[in-house]
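J.: In mature numbering (1 follows the signal peptide of the UniProt record, and there is no 0), the protein residues as written are -20 to -1, 1 to 396. Quick reminder that beta carbons are idealized off the backbone N, C-alpha and C, glycines included. The structure presented is a predicted model; accordingly, all values stated were derived computationally and were not measured.
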């Protein structure tokens, strides 16, 4: 059995505490002092000194993983699924390794959107200068010119980026359940234009510049002897600080700062920006949204800010386990009424797919997604969502009431 460096450091302290506790009342002060010492030790920071370097591959091949014909991530030699605990008792290192793989997955999905789904990568802000931070979205060739139908996809919060529903599904399950690619391919096959939002790409990270503080002796009128004494103290303080930093951060991870992207600094801002500069300009008579988790909140905020335009252009909205709240977001009565007629929320539930689910909020019908796993709700409700859109489109064409009012899972709400 291997013993970590941190355990060896702490072992003498634990032994001393045990010996002291066997003594009389006079030893209580020593026990208290040792306990105070232990409380000051940051075990997470201490464990860093046991870690291998945080130096990971930057390709799937480097990790020795690849996606098979079923879209499952498998080890290229053993055929086994991804293993999180690659090194025992090194959770932080394993997590960093997982995050490094996740960044590669994000780039891989971007490539699939362009090469497999034939989407175009569009830089935003549209009038960005060469030097300012930028983000991007993906669109089909006919997204702005398709006269009939446009589908807009919005994922949830966290580490996911354009084209993804859930990173953990991509890594542990498959591409179909974890990405938006099945939605995109079917939408294109059924004649929709497509726009894929990227609401979590709100800033770029750059290394924080080091600030050099001028010595007080440069601009001081103090006597030379006093300046020398202060400079000596300052140098000693810096020496101790550098020594502590070497202990605290042995991996020397860079300190980063965030530069936010103009008018896209949050998911809500991003949704409004893409609406104003792209969706509102689209020729499509019927616009449909699929919004997962926090994406649903972003859509509701868009509706609050652009109510008349959304009502005029959007035919139906499919939410999947949306975290929106019409009370907290202060959505007005007319918005709530529109949502009841034109939206449906497929929520995590153990009930069969499309079964009505009770709701305390007077916004839109809630039905089961056929799974109690939040991240799977979009994939499990895939077929139902397309059926919902088809019914809504036919109802609009026939000048009938929105199709959602005729579905078997329609829920009657009373105004609260």
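Report all residues from its chain with a CB closer than 8 Å to the CB of residue 354; omit the five preceding and five following residues, and keep chain order.
T.: 273, 301 and 328
J.: If you follow the beta strand (DSSP E) that residue 101 is part of, which residue opens it and which one closes it?
T.: 100 to 104
J.: Helix, strand or coil for residue 50 per DSSP?
T.: Here DSSP, grouped into helix, strand and coil, assigns residue 50 to coil.
J.: Kindly indicate the opening and closing residues of the beta strand (DSSP E) around residue 346.
T.: Residues 346 to 348.
J.: Cutting at 8 Å between CB atoms, please list the residues of its own chain near residue 377, excluding the five before and the five after it.
T.: Its chain contains no residue whose beta carbon lies nearer than 8 Å to that of residue 377 once the 5 sequence neighbours on both sides are disregarded.
J.: Which runs of the alpha helix (DSSP H) fall wholly inside the stretch 308 to 364 and span at least 4 residues, in chain order?
T.: For the alpha helix (DSSP H) assignment, the uninterrupted runs of no fewer than 4 residues enclosed by the stretch 308 to 364 are, from N- to C-terminal side, 313 to 322 and 357 to 360.
J.: Is residue 113 buried or exposed, if buried means 16 or more other CB atoms sit within 10 Å of its CB?
T.: buried
J.: What do you get for residue 56, buried or exposed, if any count of 16 or more other CB atoms within 10 angstroms of its CB means buried?
T.: exposed
J.: Which residue comes first and which comes last in the beta strand (DSSP E) that contains residue 34?
T.: Counting along the chain, residue 34 falls outside any beta strand (DSSP E), and DSSP gives it neither H nor E.
J.: Taking just the CA atoms, how far does residue 147 sit from residue 154?
T.: 10 Å
J.: Unbroken alpha helix (DSSP H) runs of length 4 or more, entirely within the stretch 94 to 178: which are they?
T.: 147 to 152, 155 to 158 and 161 to 169
J.: What are the start and end residues of the beta strand (DSSP E) that includes residue 241?
T.: Here residue 241 belongs to no beta strand (DSSP E), and DSSP marks it neither H nor E.
J.: Along the beta strand (DSSP E) that carries residue 299, what are the first and last residues, could you check?
T.: For residue 299, the uninterrupted beta strand (DSSP E) segment begins and ends at 294 to 300.
J.: Using a Cβ-Cβ cutoff of less than 7 Å, which residues in the same chain neighbour residue 248 once the five nearest sequence positions on both sides are dropped?
T.: 278 and 281
J.: When you compare only the Cα positions, how much space is there between residue 134 and residue 211?
T.: Rounded to whole angstroms, the separation of the alpha carbons of residue 211 and residue 134 is 56 Å.
J.: If you pair each beta-carbon of the stretch 111 to 131 with each one of the stretch 257 to 276, do three or more pairs fall below 8 Å?
T.: Under the Cβ criterion (8 Å, minimum of three pairs), the stretch 111 to 131 counts as touching the stretch 257 to 276.
J.: Which value, in whole angstroms, describes the spacing of the CA atoms of residue 81 and residue 47?
T.: Cα to Cα, the separation comes out at about 13 Å.
J.: Near residue 236, which residues of its chain fall below 8 Å by C-beta distance, leaving aside the five closest residues on each side in sequence?
T.: If you ignore the 5 residues before and after residue 236, its C-beta comes within less than 8 Å of the C-beta of 185, 186, 187 and 188, all in its own chain and listed in chain order.
J.: Could you tell me which residues DSSP pairs with residue 466 in its beta bridges?
T.: The chain is shown only over -20 to 396; residue 466 falls outside these bounds and no answer can be derived.
J.: Using alpha carbons as the reference points, say which of 68, 304 and 375 lies closest to residue 284.
T.: Of 68, 304 and 375, the residue nearest in Cα terms is 304.
J.: Ordered along the chain, which non-local residues of its own chain (more than five positions away) have a Cβ less than 6 Å from that of residue 360?
T.: 349, 350 and 351
J.: Considering only the beta carbon of each residue, do residue 40 and residue 151 sit closer than 8 Å?
T.: No; because the gap between Cβ atoms is not below 8 Å, this pair is not in contact.
J.: Within the 8 Å Cβ cut-off, does residue 180 reach chain D?
T.: In the structure shown, chain D does not exist; there is a single protein chain.
J.: In terms of alpha-carbon separation, which member of 120, 342, 177 and 241 lies closest to residue 144?
T.: 177
J.: Compute the Euclidean distance between the alpha carbons of residue 106 and residue 364, then round it to the nearest angstrom.
T.: 35 Å
J.: Please classify residue 44: does DSSP put it in a helix, a strand, or coil?
T.: coil
J.: Going by C-alpha to C-alpha distance, which of 130, 311, 341 and 90 sits closest to residue 258?
T.: Comparing Cα-Cα distances from residue 258 to each of 130, 311, 341 and 90, the minimum goes to 130.
J.: So, with DSSP's three-state summary, where would you put residue 90?
T.: Three-state DSSP puts residue 90 in a helix.
J.: How many Å lie between residue 69 and residue 75 at the Cα?
T.: Between residue 69 and residue 75, the C-alpha separation is close to 12 Å.
J.: Beta-carbon separation of residue 298 and residue 368 under 8 Å?
T.: yes
J.: What residue range is occupied by the uninterrupted alpha helix (DSSP H) comprising residue 274?
T.: 274 to 285
J.: Determine the direct distance from the alpha carbon of residue 73 to that of residue 173, and round the result to whole angstroms.
T.: 42 Å
J.: Since residue 183 is in the beta strand (DSSP E), which residue starts that stretch and which ends it?
T.: Segment 183 to 187, the beta strand (DSSP E) holding residue 183.
J.: Expressed to the nearest angstrom, what Euclidean distance is found between the alpha-carbon atoms of residue 228 and residue 79?
T.: For residue 228, the pLDDT reaches just 47, beneath the cut-off of 50, and the residue's location in the model is therefore unreliable, although a value from the coordinates is still provided. Distance between the alpha carbons of residue 228 and residue 79 is about 22 Å.
J.: Taking just the CA atoms, how far does residue 308 sit from residue 295?
T.: 25 Å
J.: In terms of DSSP beta bridges, what is residue 271 paired with?
T.: 134 and 299
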